[in-house]
Ligand SMILES: *Cc1c(COP(=O)(O)O)cnc(C)c1O
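The structure is reproduced here in structure tokens:
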């Protein structure tokens with residue numbers, strides 16, 4: 067008799083985006099002529115940069131010849147990419163890393179979901195609320211999150227709410243926590259963390275010997291010079307933080323698949339008997355066993371994002387999305403909605419009109435102006451009463467959606 071991992075049975079039956087898809091499909095069946103505009107799921111729409119395409123073509127050609135063919139590569143990535151990452155994403159910010167501290171992967175979802183493998187099940191977990199659901203669900207799958215209560219709160223997770231009342235600045239937990247998940251710029255709220263606020267978390271982690279999982283998937287969208295791009299810009303962070311990066315939002319790699327994780331050599335955690343163990347060594351062991359490396363073609367594609375042409379082309383695409391965000395912020399503010407984010411991130415987080423729940427607003431937007439967004443409550447209990455729109459659509463859709471919304475509310 068094979069037993070299932072019953073932790074999976076504790077997870078909510080359906081996933082947020084499949085609930086949304088069901089509602090949208092039902093609407094389309096009953097309104098066949100309506101053109102629904104989706105500003106919902108966090109996926110990019112602009113094509114890959116020409117420099118990336120060129121690098122991928124070249125890599126494919128290399129794979130076609132015996133002399134340049136590549137089979138299994140190093141599990142943690144080719145040195146050409148690990149070195150390019152250090153040289154471009156960290157050295158200019160005064161952060162010095164060794165290629166061995168860089169673990170190339172097939173995207174940040176994998177590593178943010180898998181990182182818990184190297185940590186004990188008894189750790190207490192803290193995360194900001196609302197949050198990217200992967201951190202919660204991956205902890206639930208191994209039993210670390212406890213049980214889901216009717217309020218949508220997991221019994222063993224300590225939530226630190228981020229809402230308009232605290233200006234989206236999470237308060238430090240008032241009890242001791244072992245592992246902290248932070249995502250900045252934030253998905254879903256589109257808000258950022260200042261250097262001073264981030265320093266509070268690093269200092270807290272150093273003092274309480276906890277680990278910060280820092281998801282920097284949207285760092286390329288930061289426009290404000292004073293906002294940190296990496297947690298390692300904060301002194302001492304190498305001793306308490308793992309950082310996740312992705313080319314998905316930076317360079318439109320959601321369908322290509324490449325990202326990387328930094329596990330600094332100084333980073334350790336303890337055994338029950340108090341012995342310090344390097345987390346990088348454990349992560350390397352885990353990856354070498356369960357992951358056989360990111361494709362050569364994807365790694366050459368990622369490397370091309372760091373060429374002068376690649377950088378310029380990627381910046382152009384980011385500017386396109388950020389202009390969408392500006393258009394959306396302006397239109398939404400004009401119709402009297404309270405909006406957050408969208409200045410250093412491709413997400414707009416809006417407060418639903420008073421008394422309207424996230425899902426009610428979802429239904430109203432779908433049936434009124436035929437716009438699809440994401441109910442804030444889908445990202446955590448503190449997301450109730452909020453709604454997420456993404457700037458990843460086309461300019462035309464973005465403008466039309468704002469026109470429709472203005473008419474609908476006006
Ligand atoms: C999109 C996203 C990622 C990146 O996921 P990939 O697996 O790299 O595509 C990571 N974290 C957050 C918060 C995201 O929104």
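In this note's numbering, the protein residues as written are 67 to 476. Backbone N, C-alpha and C define an ideal beta-carbon position, used for all residues, glycine too.
Secondary structure of residue i, DSSP reduced to three states
i, result
"residue 256", "coil"
"residue 346", "helix"
"residue 248", "strand"
"residue 333", "coil"
"residue 406", "strand"
"residue 320", "helix"
"residue 135", "coil"
"residue 195", "strand"
"residue 417", "strand"
"residue 160", "coil"
"residue 355", "helix"
"residue 328", "strand"
"residue 441", "strand"
Enclosing alpha helix (DSSP H) for residue i [first to last residue]
i, result
"residue 449", "Careful: residue 449 lies outside any alpha helix (DSSP H) and carries neither H nor E."
"residue 151", "145-151"
"residue 264", "261-274"
"residue 425", "424-433"
"residue 383", "374-400"
"residue 477", "The structure shown has nothing for residue 477, since the chain only spans 67 to 476."
"residue 178", "174-180"
"residue 119", "116-129"
Chain-order list of residues whose beta-carbon lies under 7 Å from that of residue i (same chain, five-residue window excluded)
i, result
"residue 468", "393, 394 and 397"
"residue 105", "437, 438, 439, 455, 456, 459 and 467"
"residue 353", "141, 142 and 169"
"residue 108", "253, 456 and 458"
Beta-carbon proximity list for residue i, same chain, < 8 Å, skipping 5 on both sides
i, result
"residue 277", "185, 244, 245, 246, 271, 306, 307, 308, 333, 335 and 345"
"residue 389", "461"
"residue 228", "194, 195, 196, 234, 235, 236, 252, 255, 257 and 448"
"residue 414", "256, 391, 394, 395, 398, 405, 406, 407, 408, 454, 455, 456 and 457"
Anticipated Cβ contact below 8 Å, residue i with residue j, distance rounded
i, j, result
"residue 218", "residue 447", "5 Å"
"residue 313", "residue 319", "4 Å"
"residue 118", "residue 317", "6 Å"
Residues of its chain near residue i, where Cβ-Cβ distance is below 6 Å and the 5 sequence neighbours each way are ignored
i, result
"residue 82", "444"
"residue 222", "211 and 212"
"residue 474", "434 and 435"
Test: residue i CB closer than 8 Å to a CB of chain B
i, result
"residue 304", "Protein chains in the displayed structure number just one, and chain B is not present."
Beta strand (DSSP E) segment containing residue i, residue limits
i, result
"residue 277", "277-281"
"residue 169", "168-171"
"residue 309", "307-312"
"residue 227", "223-227"
"residue 298", "Per DSSP, residue 298 belongs to no beta strand (DSSP E) and is neither H nor E."
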